[in-house]
Amino acid sequence: MYHGVPFDNAVSLNKGAAKGPETMRNLSVDMSDATEDDMVIKKGLLYDIGDIPVELDWETYFGTVADEAYQLMKTDNFCLFLGGDHSVTIPLH
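Read in order, the letters of the sequence shown correspond to residues 1221 to 1313 in our numbering.
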């Protein structure tokens, strides 16, 4: 499962990392369906379940991210969380 965490409030210089999840979605349309070893990637292997809506309050947002991550990981599926700046890993434990 692919879940975007478009958060870049912890960067000290230029913003833009929050565009990462949407940029990856846009780029993935043109990606090959095979690896460099010619292993074909099955369709439906990765499900995009959207972004976690951003809140300006870090504590609230990280709590939301932690709760959603916990619920997804309980499903026993592989979960991919894509941010955002490095701080998005804080609630992913």
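Don't be surprised by glycine CBs; every beta carbon is placed ideally from N, CA and C.
{"query": "Bounding residues of the alpha helix (DSSP H) (the contiguous stretch that carries Asp1258)", "result": "Here Asp1258 belongs to no alpha helix (DSSP H), and DSSP marks it neither H nor E."}
{"query": "His1223 burial status per 10 Å Cβ neighbour count (16 or more: buried)", "result": "buried"}
{"query": "For Val1225, the first and last residue of its enclosing beta strand (DSSP E)", "result": "1222-1225"}
{"query": "Exposure of Ala1238, with buried meaning 16 or more beta-carbon neighbours within 10 Å", "result": "buried"}
{"query": "Nearest residue (CA-CA) to Gly1270, options Phe1301, Ser1252, Val1260, Met1259", "result": "Phe1301"}
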